[in-house]
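One line per chain: the protein sequences are A and B, in this order. Residues in the first sequence are numbered from 1 upward in steps of one, following my numbering. Residues in the second sequence are numbered from 1 upward in steps of one, following my numbering. First comes the structure, then the notes that go with it.
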Amino acid sequence: MIYLLSAVVLAAWAAALWRHNGGGAVARGVLLMSLAATGVRLLAGNVGVWAEGMLDVGIALLITIVLPVWMCVYFPTWFAWRVLQPFGLRPAVLAGFWMSALVRRRDIPSIRIFLGALRNVPFPSASLVTADAWTALAAAVQAEHQRAFARVDAIIEALTHLPSETRFPGLARQVGVEVLARRAASRRDWAAVLRMTRIGHGRSVRFLALLAQAESGMSFSLGRLRLAWILAPMRIRTYRQVRALAQLSQSRAAITPPPPQLKTPQAALEIAVFSDARLRHVRLLGAAAKGQTIAMQEVLSLAHAWQKALDGESLARLHARALELDVRNGAQQAQTVKASVLQELTELADVAVGDLPPLGGGSSTDSLVDALAHSVQNHLYLKVDKTLAPLDADPAKRAPHPLAAWENWLALREAVDRFEQRVGQDALKALWYSQIRDRVWGWAYGEWKERGEQSGWAMAIVFDWMADQAEVLGDLPAAAINRENARVARLAV
Amino acid sequence: MPSDDICLENCYARHLENPFLVLGLAPVASGADVERTGQKLLAMLAAGLIEAENYTTPFGPAMRTAEQVRWAMAELRDPCRRLGHEWWARGWQGVEVGT
């Protein structure tokens with residue numbers, strides 16, 4: 001009965017491995033399991049003699065099935081990652097990953113790139129780079145080293161919204177996401193930790209997610225945080241932080257009093273900020289430059305304030321001062337000031353959260369708001385145009401490796417999303433037929449034709465995006481063909 | 001990938017480097033005041049005096065260098081450029097800088 005049960009469990013496990021990780025992983029797993037089982041059998045024989053037939057069925061199953069399965073499925077990666085990796089023993093870590101049945105044989109080169117990225121080793125030559133989840137995570141780690149956090153966010157955002165059938169190995173979710181989330185936690189960027197942990201799993205990722213919730217002031221269960229901390233690795237390093245959070249959560253019962261009334265000179269600044277458009281303008285620029293979220297309403301309110309500040313009287317004063325300074329083209333100087341204000345307002349509106357007013361929607365006295373809406377639209381259009389430029393079907397202008405090509409497409413996707421949000425679907429439809437569709441299609445086809453399965457993972461995502469866009473914009477033939485393209489590209493992965 | 005944050009950071013930094021702020025002068029300062037203050041700051045920076053190494057802005061202190069002082073003096077010598085800087089600097093007149 002036990003042998004039958006063991007055979008069923010093993011067959012189910014092998015089938016699951018075959019489906020997710022391929023035949024090579026099953027062969028490696030069976031080999032390792034045989035070795036582990038032989039070792040455990042010798043041990044169990046001695047234990048059996050010692051126990052003199054007192055062991056029950058549960059313990060027998062534990063020794064004959066659970067222990068060997070754990071030994072050959074989880075132990076190699078656990079040992080490689082937790083024990084060998086901190087010492088920087090890259091070949092040994094890689095061997096540990098190779099021995100695990102959780103890893104597909106074809107993922108090994110990408111895991112090598114990922115382990116290299118942890119030590120800030122550059123990507124190898126283009127022919128050795130395959131676009132997949134491991135190399136995408138490696139690119140994110142590399143961006144972390146370069147403190148290019150916008151690039152990290154773009155990659156995490158793309159991995160969060162992968163098409164449903166796109167491959168994202170469980171071990172990559174565990175190991176890769178843990179590395180990124182730990183680095184974001186070390187710079188106390190809790191919003192980034194929360195975004196990253198959404199795509200990961202495992203003990204460490206679970207703990208970091210709860211820690212980020214607690215640190216960013218969201219409600220959290222202290223019991224769950226403590227349990228996650230006990231289960232997660234690196235307990236000593238995080239002990240003080242968890243203890244401080246526990247103390248904080250126990251002292252939070254009191255009602256928070258209002259902030260004290262502002263007195264000079266801070267109050268003078270606050271009053272001036274609200275009375276002078278220039279000061280408001282610089283303050284808002286400062287907030288946006290520091291990465292704080294600014295609302296579109298704030299930008300529009302500033303534009304209204306500028307409308308008053310740049311009225312005829314104000315510009316006349318500027319003109320008069322120009323004459324005093326012996327500046328001949330005073331009117332032109334006034335226009336230059338106005339243009340520079342509009343340009344900076346456009347930068348602010350570009351990162352602000354919220355809707356722009358429709359074109360021509362402002363009253364006759366709000367010409368600056370209208371000009372701002374025009375300028376933002378133009379800015380967004382130029383961004384789409386600029387991000388389309390690297391997506392060239394010409395092999396001579398192609399990105400060095402498929403992952404770089406995928407990152408170029410990520411920039412386009414972001415620009416198109418923004419364009420759609422701010423300008424609307426009708427304008428995007430015109431842009432889709434005139435510029436985006438054929439160019440991206442031709443580029444993705446060229447990448448696929450040139451690089452084959454090396455670019456399969458990335459191009460399946462691109463074709464899926466093309467199909468989604470085409471569907472939303474009513475381009476049904478393109479939707480059907482690109483959906484099929486995505487399926488074909490995915491088959492190669 | 002291009003970053004909007006870099007453009008915004010540049011814009012913000014440009015405003016905080018207004019020549020009137022760098023030299024610690026009011027927008028009504030004459031050309032002679034600009035030269036006198038600029039030379040004084042250059043001498044202080046060359047002597048390594050700590051009080052010359054920072055200047056105050058409405059949004060907090062900023063680092064001052066000899067290059068910045070020379071640049072500020074050059075900007076204010078050009079009437080066209082001075083007009084633009086003066087117009088922005090009037091925005092924080094009456095605000096106690098350095099808060």
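Glycine included, every Cβ here is placed at the ideal spot set by N, Cα and C.
Within the 8 Å Cβ cut-off, does residue i reach chain A?
i	result
Leu21/B	no
Glu75/B	no
Ala79/B	Before going on, a small fix: residue 79/B reads as Pro here, not Ala. Cβ-Cβ to chain A under 8 Å: yes for Pro79/B.
Tyr12/B	yes
Leu83/B	yes
Leu25/B	no
Trp71/B	no
Glu35/B	no
Glu67/B	no
Gly38/B	no
Leu41/B	no
Glu17/B	no
Pick from the options: whose alpha carbon is nearest that of residue i?
i	options	result
Leu16/B	Leu284/A, Arg188/A, Glu215/A	Leu284/A
Ile32/A	Leu102/A, Val8/A, Val93/A	Looking at the sequence shown, residue 32/A is not Ile but Leu. It is Leu102/A.
Ala232/A	Ala214/A, Asp56/A, Leu210/A, Gly45/A	Leu210/A
Arg237/A	Gln250/A, Arg224/A, Val9/A, Ser204/A	Ser204/A
Gln250/A	Phe79/A, Asp276/A, Ser219/A	Ser219/A
Pro68/A	Glu450/A, Asn46/A, Arg41/A, Arg90/A	Arg41/A
Asp350/A	Tyr381/A, Ala489/A, Gln454/A	Tyr381/A
Gly291/A	Gly39/A, Ala95/A, Val440/A, Ala192/A	Ala192/A
Val299/A	Asp311/A, Gln343/A, Gln332/A, Arg321/A	Gln343/A
Leu128/A	Arg112/A, Met234/A, Phe97/A	Arg112/A
Ala89/B	Cys72/A, Leu318/A, Gly170/A, Val440/A	Leu318/A
Phe75/A	Trp98/A, Ala60/A, Val57/A	Trp98/A
Arg173/A	Leu368/A, Phe114/A, Val488/A	Phe114/A
Asn54/B	Cys11/B, Glu67/B, Val22/B, Asn18/B	Val22/B
Leu137/A	Asn120/A, Trp190/A, Ile155/A	Ile155/A
Leu171/A	Lys429/A, Gly200/A, Leu162/A	Gly200/A
In whole angstroms, give me the CA-to-CA distance for residue i and residue j.
i	j	result
Glu347/A	Leu412/A	18 Å
Glu96/B	Ala13/B	Residue placement at Glu96/B cannot be trusted, given a pLDDT of 48 that sits under 50; the coordinates are not used to answer.
Met466/A	Arg398/A	19 Å
Glu9/B	Gln146/A	18 Å
Gly217/A	Ala185/A	15 Å
Arg183/A	Trp71/B	39 Å
Ala246/A	Cys7/B	41 Å
Asp132/A	Leu403/A	8 Å
Pro79/B	Glu324/A	10 Å
Gln515/A	Pro109/A	No statement about residue 515/A is possible, as the shown extent of chain A runs from 1 to 493 and does not include it.
Lys386/A	Trp443/A	15 Å
Ala305/A	Ala373/A	16 Å
Pro477/A	Asp417/A	22 Å
Pro61/B	Ala26/B	17 Å
Gly91/B	Arg278/A	5 Å
Pro395/A	Asn482/A	21 Å
Ala43/B	Ile50/B	12 Å
Thr99/B	Thr56/B	The predicted position of Thr99/B is uncertain, since its pLDDT is 32 and thus under 50; a value taken from the coordinates is nonetheless stated next. Cα to Cα, Thr99/B sits roughly 8 Å from Thr56/B.
Pro169/A	Val369/A	48 Å
Leu194/A	Glu407/A	22 Å
With respect to the alpha helix (DSSP H) encompassing residue i, which residues constitute its N-terminal and C-terminal limits?
i	result
Ala494/A	Any question about residue 494/A goes unanswered here, given that chain A covers just 1 to 493.
Gly202/A	Per DSSP, Gly202/A belongs to no alpha helix (DSSP H) and is neither H nor E.
Asn120/A	Careful: Asn120/A lies outside any alpha helix (DSSP H) and carries neither H nor E.
Pro76/A	75-78
Ala349/A	330-351
Met196/A	190-197
Met73/B	66-77
Met99/A	90-99
Pro19/B	19-23
Val154/A	Reading the sequence as shown, one finds Ala at residue 154/A and not Val. Where Ala154/A is concerned, the enclosing alpha helix (DSSP H) stretches over 149-160.
Should residue i be flagged as near chain B, meaning a C-beta pair shorter than 8 Å?
i	result
Glu344/A	yes
Glu347/A	yes
Asp276/A	yes
Ala288/A	yes
Arg451/A	no
Val337/A	yes
Leu285/A	yes
Leu279/A	yes
Val351/A	yes
Val141/A	no
Val73/A	no
Kindly indicate the opening and closing residues of the beta strand (DSSP E) around residue i.
i	result
Thr57/B	54-57
Members of the stretch 310-332 of chain A that neighbour chain B once the beta carbon cut-off is set at 7 Å
Leu318, Arg321, Ala322, Leu325, Asp326, Val327
Contact set between the stretch 44-61 of chain B and chain A, restricted to residues whose Cβ is under 7 Å from the partner
Pro58, Phe59
Could you please tell me which residues of the stretch 365-389 of chain A, in chain order, have their CB closer than 9 Å to any CB of chain B?
Lys383, Lys386, Thr387
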